[in-house]
Every structure is written in structure tokens, then in C-alpha cells.
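K.L.:
One structure follows; several queries about it will come next.
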Amino acid sequence: MSFSFEVHQTDPTGARRGLLTTPHGSIETPVFMPVGTAATVKALTQEALEELGASIILANTYHLYLRPGHELIRKLGGLHSFMSWRGAILTDSGGYQVFSLADLRKITDEGVRFRSHLDGSEHLLTPEKAAEIQLALGSDIAMVLDECIETPAARNIAESALKRTSDWARRARNHFLERATRNGNPPQWQFGIVQGATYADLRRESARQLLELDFAGYAVGGLAVGEPHELTCEMTVEVTALLPKDRPRYLMGVGQPEQLADYVAQGIDMMDCVLPTRAARHACLYSNEGRVLIKNTRYASDQRPIDAQCTCSVCRRYTRAYLRHLFAAGEITAAILATHHNVHFYLDTMRQIREAISFGQLSNFASELRARYVAGPA
1035 MSFSFEVHQT
1045 DPTGARRGLL
1055 TTPHGSIETP
1065 VFMPVGTAAT
1075 VKALTQEALE
1085 ELGASIILAN
1095 TYHLYLRPGH
1105 ELIRKLGGLH
1115 SFMSWRGAIL
1125 TDSGGYQVFS
1135 LADLRKITDE
1145 GVRFRSHLDG
1155 SEHLLTPEKA
1165 AEIQLALGSD
1175 IAMVLDECIE
1185 TPAARNIAES
1195 ALKRTSDWAR
1205 RARNHFLERA
1215 TRNGNPPQWQ
1225 FGIVQGATYA
1235 DLRRESARQL
1245 LELDFAGYAV
1255 GGLAVGEPHE
1265 LTCEMTVEVT
1275 ALLPKDRPRY
1285 LMGVGQPEQL
1295 ADYVAQGIDM
1305 MDCVLPTRAA
1315 RHACLYSNEG
1325 RVLIKNTRYA
1335 SDQRPIDAQC
1345 TCSVCRRYTR
1355 AYLRHLFAAG
1365 EITAAILATH
1375 HNVHFYLDTM
1385 RQIREAISFG
1395 QLSNFASELR
1405 ARYVAGPA
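Following the numbering used here, the numbering of the sequence shown begins with 1035 at its first residue and continues without gaps.
Have a look at this one:
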């Protein structure tokens, strides 16, 4: 099975429903990708992910490069074999993780020189190195190295980061095409990442520069990092308006459950976020009526499931009272059950979004979902 992407239906909002095909299976879009940072989605087994219907997950280049090492993973048959995952995998470039190491890194035109958060050892991550690591990992989709900056950012800083991101993208693309096509068709799809902070003209310019490099798909990076949700959507649609209609579009690092439909309405096909798994470990459960902060004493004797409408195995079997007890007792099972439910909720929300697109009803679905979250759970 090779790579392809097809848009099958559109919605009056501009949302698209399609199919992304990879060597490790087909993915219905729009899709939410659970984050498996260190070759595992925290608190979930691969069997659980399969039960939940996850078709693609995200793994972290930076963390896997440092531990256990990309060459070891290559030797052991690649990331799919190493972690025994049959579905598709997208790997990020490590750019965001290095960006977050403010005191441990230095960015130059060559790349990013940083010290490992594990042992302090020094490393140089270049656009070519990021591409090479991801080829070794054998992911289905590989992201180029980009420069992430803080928001809000001064215009001169955003302009500098845009130029560097474009230069790095060109280097990464050239290296990938030279290395990945030696034995015929590339074993991966490589995506470019649009930057430009919250400046509409810079976002458009970044997109135009990346389009010249003819990537298989395009991501919108550097958003949902503190700016208002409305501004995130505004910047996103500036970019998607310029991107090819026959290529997948990926908005990185989003988002809150009630916001997912808004991003899809801007023409986004792929999303990822640590929120469902991280929130679960901190006792925040998502439901069709809003957030359930399960440690609250009001749930101590609540015999209802987390979400009466939810069909996940946790809601079919366990009560809010029991979940609250597990968190109060510090039991590992609390994180396992909460994560299972939250990931199911996100994936099921995406299923409902796809259905809404098919019926041309995404706007109504998004409004109803937001209204339920404002009202909150009973």
C-alpha cells in the first residue's frame, strides 16, 4: 500500500472529509492523533489503542533520538516493529521540544545546539539530521525541523524565524529527496511547517515559500501557544486558503474538545494534542456535557458513568464514585481508565465531526458542542 490523499466531501464551512492512505493503513480525515511521545501513548497499551480505533499516532523525534536512539530502533526493524504498532505513525521534528529547552539550547542558521535534559550531553540538531533520524525511525509521515518562537512575538523576531524555517525546510527537503528516493519511491511522506507567529502576511509568505518545495502535506505550526482561540482560527484560515486542496493539512498541538470542530471548519484535516492524556492523569475527564473534575467531593457517591452517552468500555463498567476513589487512593488504574475514556471521547468527537461534514451540519454540531461545554456537567 502506498501513499495517497483524497477529499471525498466538503461542508459549507470549508471543512473536508477525506481518506489518507499510508503503508500502515487508511485514515479517515479529519483525524485526531493521540500523542505517543516515547513510543507509547501514556497509560494505554497498543491493544487499547486498537480497541479505541486509533488509526494514527504521533511519536517524538527528540525523545526517541536521545533514548533509546534512532540507530537502535532502525536496527530493531523501525518504530512500528519496535513498539508493535500496526497503524500509521507521524513523527515530529523535535523543534518544539528543543524550543522548550530555553536554558539548554542555542539556535543558529546551522541548526540547534542543545544539551540533553537526561544527562547534559551536547547535541546538534540540523534539518538534515532531523530528516535522517525520522528515516531511521521509519514513520509514515515526517515533519521538517522548524524554528518555534514564543507568542506574542515582535515582528522582527517572527520574520527572522520565518526565514530560518524556510531555509531549513529547503535543506530538509533536499536531503530527504536525495536519501529517501535512492531505492525508488520514498518510504515516508514529508510535511513542511508554516510559521509566521500571529502576523497574517507572514503566515501567507511562509506558506508561499513552502509551496515551492512541493511537500506531500503542510502543517500549521506555532499556534495554540497562548493566543486567543479566535486568533488561532484566524491565522489558520489565512494559511489553508493558500494550501493545495489535494494535500493534507495538519494543525499542530490542538486542542480543547469544544474547539476541534472550529479547526476542522478552517480546512484542517489532522490534529494532535497531549491534552486528553495529560488531563486524564490530572483527574480531568471529558464528557458530552463538559469537563468532569472527578476528584470533586460531589462525585464521592455518584453511581453514574463519566458520560451517560459514551460507549467506551470504562463508561459501560465503572462509576464516577469508583474513579474518584482510585484518584484519591493514588492508584495507577485511575490514570489508565481516565486516559482510555478521554482518548475515546476525542476520537468519537472526530467521528461525529466527520458525520456532520457528510450531512453539511458541522456549524450546528460545533455550536451545540460549545453550548454544552459552557453549561457544564450535572
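Note that the Cβ used here is the ideal one computed from N, Cα and C, for glycine as well.
(1) Quick one, which of G1301, I1328, G1410 and I1123 has its alpha-carbon nearest I1387's?
(2) Please determine, among A1362, G1324 and L1319, the residue with the shortest C-alpha to C-alpha distance to T1331.
(3) Using only CA atoms, which one of K1109, G1154 and E1085 lies nearest to H1378?
(4) Closest to L1265 by C-alpha separation, out of A1295, T1232 and A1241, would be which residue?
(5) Give me the DSSP bridge partner(s) of D1306.
(6) With a cut-off of 8 Å, does the C-beta of E1040 fall near any C-beta of chain B?
(7) In angstroms with no decimal places, state the Cα-to-Cα distance between T1373 and K1076.
(8) Taking the beta strand (DSSP E) that W1223 falls in, what are its first and last residues?
(9) Answer with buried or exposed for G1410, where buried requires no fewer than 16 other C-beta atoms within 10 angstroms of its C-beta.
(10) Can you pull the DSSP bridge partners for V1075?
(11) Are M1305 and V1288 close, meaning C-beta to C-beta below 8 Å?
(12) Can the beta-carbon of Q1229 be found closer than 8 Å to that of T1199?
(13) Which term fits K1279, buried or exposed, when burial requires 16 or more other beta carbons within 10 angstroms of its beta carbon?
(14) Is DSSP giving G1052 helix, strand or coil here?
(15) What is the DSSP secondary structure of H1097, counted as helix, strand or coil?
(16) Spatial neighbours of R1149 within its chain, please: C-beta separation below 8 Å, excluding the five flanking residues on both sides.
(17) Residue range of the beta strand (DSSP E) that M1177 falls in?
(18) If you compare alpha carbons, which of T1063, S1118 and T1125 is closest to T1079?
(19) What residue from S1321, I1061, Y1352 and Q1168 has the CA that sits closest to S1335's CA?
(20) Just list the residues that DSSP pairs R1147 with in beta bridges.
(21) Looking at the secondary structure, which residues open and close the beta strand (DSSP E) in which L1327 lies?
(22) According to DSSP, is R1120 part of a helix, a strand, or is it coil?
P.N.:
In terms of the structure at hand:
(1) Selected option, being the one with the closest Cα: G1301.
(2) Minimum Cα distance to T1331 is reached at A1362.
(3) Ranking K1109, G1154 and E1085 by Cα distance to H1378 puts E1085 first.
(4) For the options A1295, T1232 and A1241, the alpha carbon positioned closest to that of L1265 is the one of T1232.
(5) Residue pairing by DSSP places D1306 opposite M1067 in a beta bridge.
(6) Considering every chain present, this structure includes no chain B. It has just one protein chain.
(7) So the alpha carbons of these two residues sit roughly 8 Å apart.
(8) Here the beta strand (DSSP E) through W1223 covers W1223 to V1228.
(9) Around the C-beta of G1410, fewer than 16 other C-beta atoms lie within 10 Å, and the residue is accordingly described as exposed.
(10) Under DSSP, V1075 takes part in no beta bridge, so it has no partner.
(11) The Cβ atoms of M1305 and V1288 lie closer than 8 Å to each other.
(12) Going by C-beta atoms, Q1229 is nearer than 8 Å to T1199.
(13) Exposed.
(14) The answer is strand: DSSP assigns G1052 an E or B state.
(15) The three-state reading of DSSP puts H1097 in helix, counting H, G and I together.
(16) If you ignore the 5 residues before and after R1149, its C-beta comes within less than 8 Å of the C-beta of L1135, L1138, R1139, S1155, E1156 and H1157, all in its own chain and listed in chain order.
(17) Here the beta strand (DSSP E) through M1177 covers I1175 to M1177.
(18) Residue nearest to T1079 within the set T1063, S1118 and T1125 is S1118 (criterion: CA-CA distance).
(19) Comparing Cα-Cα distances from S1335 to each of S1321, I1061, Y1352 and Q1168, the minimum goes to Y1352.
(20) For R1147, which the question treats as bridged, DSSP gives the partners K1140 and L1158.
(21) Run containing L1327: G1324 to L1327, per the beta strand (DSSP E) assignment.
(22) Under the three-state reduction of DSSP output, R1120 falls in the coil class, being neither helix nor strand.
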